[in-house]
Amino acid sequence: MTPSIAEYPVHERPFGLEWGPSPSVDDKALTPDHELMLAVRDGDLDCMGELFERHHGPLYGYLLKLTGNRSAAEDICQVVFQRMLKYRHTYRDQGSFTAWMYHLSRRCASDHFRKSSSAPIATDPSRLAEHADEAQSADESAASRDDHALLHRALGRLDRDDREVLLLSRLQELSFSEVAGILECSVGAARVRAHRALKTLRDHYLQLQKESPS
Amino acid sequence: MNCQTCHERMAELADARLDRETAASVRAHIEGCAECRREFESLSNTLKALDALPSAAPSHRLRARVMGQIETEKLTQRGGAEWASSIRRAADTRGSRFPWAGALVALLGACALVAVGFTLGERTATGRQVAELRARVDTMGQLVEQSVLQKGATGERIETVFATEREKPDEQVIDGLINSMAFDASVNVRLSALGALYHHSDQEVVRAAVLACLPRDPNPLVQVSMIDFLVAAKAHEASPELRKLVADSHADADVRESARRAIEQL
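Below is the structure:
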């Protein structure tokens, strides 16, 4: 029997995602990112350290999935913060810090891919063991690692543009209109591209699951 | 709502990103369309798997590198003009082996300069050289961004320094090396730049720059290397600065000892 729509998962926020809105943004006791960046723009560079602490984790996670390479993700992440410092004077009063950061990261990633002609590769599956959920049983853990490895491979099979739009659309800090702004296209176009990328990922993922020995 | 529109909004429905009215409309379509229901289930599972991918933490190097850049930028912002003027002072007050007769030497020097200038007709040329030297020093602050921010990772910057070492030494190359030595966040890059500059230690601006950087470099290893550089370059003008280092109780013990030995050798 087909389940009712009410039984399908509808998530308040993505599963297991550590990229969610920065707690600092929601925490009224702390200065919002936008104000910190305005302070950086006005010469208080110590605030950049605070912005780094808040955002480098999610940004690195995004870049790791985008590039499939830890070293490249770190290098790009570093360049993003370099450029924030360098171009701090261009930060606008009405800007969104997160959208600006991902806008810069898109440019930096693009530069990286242009320099390194080699196609991005999926993360080494053996490294996934480092992040296995310790609460799981050994079998569950192994199965989970296999699934993660398959999904990494599926991500690696996506075109870079598809991977980019899909990963950006998964960032809960960004509205779809901000994603569209980063991609420099209309909201409708961003939505269509994200959907197509998701479908392609799903197809690759299912294909890989079929091919993998169970 | 048609199937195409429904498909496009499925991810947002799964994330509860849709407003209540649109969400209800998409849900209603999915309820009545078996194909869209299967599609929604399949895409939801893929999203769930994607979001469940472990998010690895970056290495500690990333924090160190970015914090180093921030500190460098702060230093540049705060001390750019100060540093440039310290080099200018160092370059202008070079070579005084007789500090006890500074005023007299300065007066005699000025008189001699004027006399020689008038006699040999080189007044214009001397003025031009001094102006060029000052102009080069003044532009160093602007070159900092090119040196520090436009370069890539540490390895890449070291390669750049080595490549620069092999180049024909013109003003821009020397300025680039000086900026790397003065402002690069990496100790290895600063040391490499210092090594490359040794080939140009006959130039006054190079010795003046090393002397200006010596008290402000945060790393004792680099400071000791700078002291060795000044000794090897026979930079007698470094003695006052070295004496200050020896007397500075906050300075690293090895640096003070190196400075003391350097004074003896100079």
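From first to last, the protein sequence lines stand for chains A and B. Using this note's numbering, read the first sequence as starting at 5 and increasing by one per residue. Using this note's numbering, read the second sequence as starting at 4 and increasing by one per residue. Note that the Cβ used here is the ideal one computed from N, Cα and C, for glycine as well.
Using a Cβ-Cβ cut-off of 8 angstroms, state whether GLY99/A counts as contacting chain B.
-> The beta carbon of GLY99/A does not come within 8 angstroms of any beta carbon belonging to chain B, so the residue lies off that interface.
ARG96/A lies in the alpha helix (DSSP H); which residues open and close that run?
-> Taken as a continuous stretch (DSSP letters only), ARG96/A belongs to no alpha helix (DSSP H), as it is neither H nor E.
How long is the line joining the alpha carbons of PHE101/B and VAL213/B, rounded to whole angstroms?
-> Here the model assigns PHE101/B a pLDDT of 43, short of 50, so the residue's position is not dependable, and the following value carries that caveat. C-alpha separation (whole angstroms): 21 angstroms.
Please name the residue in ALA31/B, ALA265/B, GLN72/B whose C-alpha comes closest to that of VAL234/B.
-> It is ALA265/B whose Cα lies nearest to the Cα of VAL234/B.
What's the call for ALA19/B, buried or exposed, on a 16-neighbour Cβ count within 10 Å?
-> Its Cβ having fewer than 16 others within 10 Å, ALA19/B is exposed.
Spatial neighbours of ALA158/A in its chain, beta-carbon cut-off 6 angstroms, leaving aside the 5 residues before and after = Annotation for ALA158/A: LEU205, HIS208, TYR209, LEU212 place their beta carbon closer than 6 angstroms to its own, counting only its chain and skipping 5 residues before and after.
Please determine, among ARG23/B, PHE232/B, ARG219/B, VAL225/B, the residue with the shortest C-alpha to C-alpha distance to LYS247/B.
-> Minimum Cα distance to LYS247/B is reached at ARG219/B.
Please state whether DSSP places THR35/A in a helix, a strand or coil.
-> Coil.
Using a beta-carbon distance below 8 angstroms, is VAL249/B in contact with chain A?
-> Not closer than 8 angstroms to any Cβ of chain A, the Cβ of VAL249/B fails to qualify, so no.
Going along the segment 84-114 of chain A in order, which residues come within less than 7 angstroms of chain B, judged by CB to CB distance?
-> Going along the segment 84-114 of chain A in chain order, one finds PHE85, GLN86, LEU89, LYS90 with a Cβ nearer than 7 angstroms to chain B.
Rounded separation between ARG131/A and ALA52/B - CA only = Its pLDDT being 47, under 50, ARG131/A is placed unreliably by the model, and the measurement read from it follows with that caveat. Those two C-alpha atoms are separated by around 18 angstroms.
Interface residues of chain A facing HIS273/B [CB-CB closer than 9 angstroms] = Here chain B comprises residues numbered 4 to 269, so residue 273/B is not present and cannot be evaluated.
Leaving aside the five residues before and after ARG195/A along the sequence, list all residues of the same chain whose C-beta is less than 7 angstroms from its C-beta, in chain order.
-> Answer for ARG195/A: PHE180, listed in chain order.
Which residues bound the alpha helix (DSSP H) around GLU260/B?
-> 256-268 is the span of the alpha helix (DSSP H), which, as asked, contains GLU260/B.
Quick one: what's got a C-beta closer than 8 angstroms to SER190/A's C-beta in the same chain, skipping five residues either side?
-> ALA184, listed in sequence order.
Within-8 angstroms CB hit, CYS81/A to chain B = Yes - at least one Cβ of chain B is within 8 angstroms of the one on CYS81/A.
Segments assigned alpha helix (DSSP H), at least 4 residues, entirely inside the segment 149-175 of chain A = Complete alpha helix (DSSP H) runs here, min 4: 164-173.
Chain-ordered neighbours of LEU233/B on chain A, where CB pairs are closer than 8 angstroms | Ordered by position in chain A, no residue passes the 8 angstroms Cβ test against LEU233/B, which lies about 31 angstroms from the chain.
In chain A, what lies closer than 8 angstroms to ALA254/B by C-beta?
-> Going along chain A, no residue has its Cβ under 8 angstroms from ALA254/B, so there is no contact; the nearest lies around 26 angstroms.
Selection from VAL249/B, PHE232/B, ALA67/B, GLU267/B that minimises the alpha carbon distance to ALA199/B | When each option's Cα is compared against that of ALA199/B, the closest is PHE232/B.
Looking at the unbroken alpha helix (DSSP H) that takes in TYR209/A, where does it start and where does it end?
-> Boundaries of the alpha helix (DSSP H) harbouring TYR209/A: 191-215, taken from the DSSP string.
Assign ARG23/B to buried or exposed, taking buried as 16 or more other Cβ atoms, counted over all protein chains shown, within 10 Å of its Cβ.
-> By the 10 Å Cβ count, ARG23/B comes out exposed.
Ends of the alpha helix (DSSP H) at LEU67/A?
-> Counting along the chain, LEU67/A sits inside the alpha helix (DSSP H) bounded by residues 50-71.
Going by other Cβ atoms of all chains shown within 10 Å of its Cβ, with 16 needed for buried, is PRO62/A buried or exposed?
-> Answer is buried; the Cβ neighbour count reaches 16.
8 angstroms CB neighbourhood of LEU197/B in its chain, flanking five on each side removed = The answer, listed in chain order, is MET184, VAL213, VAL225, SER228, MET229, PHE232.
Step through the CB atoms of chain A and report whether any lies within less than 8 angstroms of the CB of ALA59/B.
-> So yes, ALA59/B belongs to the interface.
Measuring only between beta-carbons, confirm whether ARG64/B sits less than 8 angstroms from chain A.
-> For ARG64/B, the answer is yes, since a Cβ of chain A falls inside 8 angstroms of its Cβ.
Report yes or no: is there a C-beta of chain B within less than 8 angstroms of the C-beta of ASP37/A?
-> No, ASP37/A lies away from the interface with chain B (no Cβ there is under 8 angstroms from its Cβ).
Over the uninterrupted alpha helix (DSSP H) stretch that includes PRO223/B, give me the two end residues.
-> That run of the alpha helix (DSSP H) goes 223-235.
From the beta carbon of VAL258/B, is the nearest beta carbon of chain A less than 8 angstroms away?
-> Using a CB distance cut-off of 8 angstroms, VAL258/B does not count as an interface residue toward chain A.
Take GLU182/A as the anchor and find which of SER100/A, ARG118/A, VAL83/A, SER75/A has the nearest alpha-carbon.
-> The shortest C-alpha separation from GLU182/A is found at SER100/A.
The alpha helix (DSSP H) with CYS6/B in it runs from where to where?
-> DSSP places CYS6/B inside the alpha helix (DSSP H), whose first and last residues are 6-17.
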